[in-house]
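The structure appears right after this line, and notes come after that.
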Amino acid sequence: MTYASIRVRPVTPRLGAEISDIDLTAVLSNRQVEDLHAALADHQVLFFRDQKISLEQQKTLGRHFGELHIHPNTPGPEGHPEILPIHTDANSKRANGERWHSDVSCDAEPPLGSILALHTVPETGGDTIFASQSAAYDDLTPAFRGFLDGLTATHSGERSYRRTNRLNGVDDRHRVFPQAEHPVVRTHPVSKRKALFVNENFTTHINELSEDESRAVLDFLYAHCTKPAYQVRFSWQPHSIAFWDNRAVQHIAMWDYYPQLRSGYRVTIKGDRPY
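This is how it looks when you write it as structure tokens:
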């Protein structure tokens with residue numbers, strides 16, 4: 034793929050690209066936005082360095098891809114409901130993204146993607162790992178792909194968000210969290226590639242199977258879809274940005290840097306109903 038306005042260096046053959054020759058804090062041209070759209074569909078997660086972006090600039094960047102999403106559990110800082118704070122320090126009892134997941138897959142219309150900018154990072158550690166769910170699907174046998182293609186799964190925020198609130202001392206007894214049914218295999222609306230769409234953080238069961246059958250299939254898929262062959266690992270530096278396609282990847286954040294500080298902000302872009 035040729036890009037007219039940005040430089041794109043693939044990180045692995047299956048996913049991930051480093052993007053340069055662009056200033057995300059500036060007003061982007063139509064061609065730059067078009068190239069970013071294309072690069073995201075081609076590489077599934079994009080990495081940027083040395084981008085000292087403000088909250089308003091980060092929201093503007095996200096809006097080039099769609100309407101911004103408001104997190105169902107974690108409020109943003111004052112005046113910025115669309116911003117999800119990502120912060121871990123010596124007093125934290127948990128870190129964001131400690132389990133493999135696709136962001137807020139419990140929503141009826143899960144997010145298109147997320148843009149995470151970290152301004153402060155630990156001296157070592159704190160990497161984020163991404164796994165291509167289309168590559169994972171492609172590597173299954175045709176017979177097993179055919180079996181999965183007709184299945185749906187239930188995704189719920191109940192377990193994950195109540196655990197977060199309990200650890201943070203937040204009373205959520207009167208709150209109701211999203212729950213939705215999605216196809217086990219979804220089709221990307223741009224690339225048209227099929228991808229697995231179940232994850233251990235939000236998926237509770239496969240609807241058409243018995244409890245035992247569902248658990249066996251999900252356990253297999255969780256192990257399969259996060260194999261190292263489908264992964265790319267991003268080592269953060271101050272003012273780095275990662276932009277991932279929630280429709281095509283899962284990710285996990287390593288909390289291996291305690292008690293060091295890791296801090297920044299995430300903007301999430303609304304998506305559509307998986308099909």
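Counting the sequence shown from 1 gives a position; the numbering used here is that position plus 33.
Built from N, CA and C at the ideal position, the CB exists for glycine as well.
Using CA atoms only, rank isn't needed, just tell me which of A275, N279 and L294 is closest to I86. Taking the first residue of the sequence shown as position 1, residue 86 is located at position 53. Looking at the Cα atoms, A275 is the closest of the given residues.
For a minimum of 4 consecutive residues, which ranges assigned as the alpha helix (DSSP H) are wholly contained in the segment 145 to 229? 166 to 171, 175 to 182 and 191 to 201
Going by C-alpha to C-alpha distance, which of T187, V60, R295 and I52 sits closest to A71? On the sequence shown, position 38 is the one that residue 71 refers to. For the residues T187, V60, R295 and I52, the minimum Cα distance to A71 belongs to I52.
Should the segment 178 to 196 be regarded as contacting the segment 277 to 288, the criterion being three or more beta carbon pairs within less than 8 Å? no
Short Cβ contact (9 Å threshold) for S296 with L151: To locate residue 296, count along the sequence shown from 1; it is residue 263. To locate residue 151, count along the sequence shown from 1; it is residue 118. Their beta carbons are under 9 Å apart, which means S296 touches L151 by this criterion.
According to DSSP, Y298 sits in a beta bridge with which residue or residues? Against the sequence shown, residue 298 aligns to sequence position 265. P118 and A150, per the DSSP bridge assignment.
Using only CA atoms, which one of H215, S189 and V223 lies nearest to V209? The residue labelled residue 209 in the question sits at position 176 within the sequence shown. Nearest option by C-alpha distance: S189.
Using 9 Å as the threshold, is the C-beta distance between F98 and F267 below it? Within the sequence shown, numbered from 1, the residue matching residue 98 stands at position 65. Within the sequence shown, numbered from 1, the residue matching residue 267 stands at position 234. No, they are not a contact pair.
Which residues mark the beginning and the end of the alpha helix (DSSP H) in which R64 is found? On the sequence shown, residue 64 is found 31 positions in, with the first residue counted as 1. N63 to H76 is the extent of the alpha helix (DSSP H) around R64.
Taking contact to mean at least 3 C-beta pairs separated by less than 8 Å, is the segment 289 to 307 in contact with the segment 114 to 122? yes
Quick one: what's got a C-beta closer than 6 Å to Q264's C-beta in the same chain, skipping five residues either side? Here residue 264 refers to the residue found at position 231 when the sequence shown is read from its first residue. Cβ neighbours of Q264 beyond the five flanking positions: I162 and A164.
Opposite Q264 in the DSSP bridges: which residues? Numbered from its first residue, the sequence shown carries residue 264 at position 231. A164.
Pair within 9 Å by beta-carbon distance, G146 and G304: Mapped onto the sequence shown, residue 146 falls at position 113. Mapped onto the sequence shown, residue 304 falls at position 271. In this structure, G304 lies closer than 9 Å to G146 by Cβ.
Taking all protein chains shown into account, decide if V137 is buried (16 or more other Cβ within 10 angstroms of its Cβ) or exposed. For the purposes of this step, residue 137 is identified with residue 104 of the sequence shown, where counting begins at 1. So V137 counts as buried.
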